[in-house]
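Residue numbers (my numbering): 1 to 158. Notes for the one structure printed next.
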């Protein structure tokens, strides 16, 4: 469990920080995530499971289903940066398959300290073990999970 995190974004001279129980900040300004009530008009971030290609078809189906509900997708190539964008409200939600804890641990604390939630693909808390992660405000995460549920293979429902 992380208590403190710093994520430096070099191309835009930003420092995103969080201390457990004390909130998240961007260059000293308090972060609050998105206030979206559902997926309509949202921008979601994701990465592709290049180390878990056995789930490629399932993942593309999930992306397709969510794309029908949201406005657009973004992909930075860094789960930690995507999660920092969720914390800052620059994107409304994030999901990815097969991450390692070091890919998302710093970003997870940022999201939580900015008022968001983080779960696995079933809405549980096993994302540290499975590497399957969904993040955003509670309403966005609930809507994402509802749309993903029918597309998940048994292997991803853990």
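Where is the CB? At the ideal position from N, CA and C, for every residue including glycine.
Item                                                                                                                 : Value
Buried versus exposed, by CB contacts within 10 Å (16 or more), residue 22                                           : exposed
Classification of residue 132 by the beta-carbon crowding that lies within 10 angstroms, buried from 16 upward       : buried
Where the alpha helix (DSSP H) containing residue 57 begins and where it ends                                        : 56-67
Those residues which DSSP pairs with residue 44 across a bridge                                                      : 73 and 93
Minimum C-alpha distance to residue 25 - residue among 134, 142, 98 and 84                                           : 84
Residue 136 to residue 46 span [Cα, whole Å]                                                                         : 12 Å
Distance between residue 28 and residue 70 (C-alpha atoms, nearest Å)                                                : 31 Å
Assigned exposure category for residue 77 - 16 Cβ within 10 Å defines buried                                         : exposed
Other residues of its chain near residue 115: CB distance less than 8 Å, five sequence neighbours each side excluded : 32, 33 and 137
Through-space distance from residue 150 to residue 103, alpha-carbon basis                                           : 26 Å
Endpoints, the alpha helix (DSSP H) within which residue 130 is located                                              : 127-130
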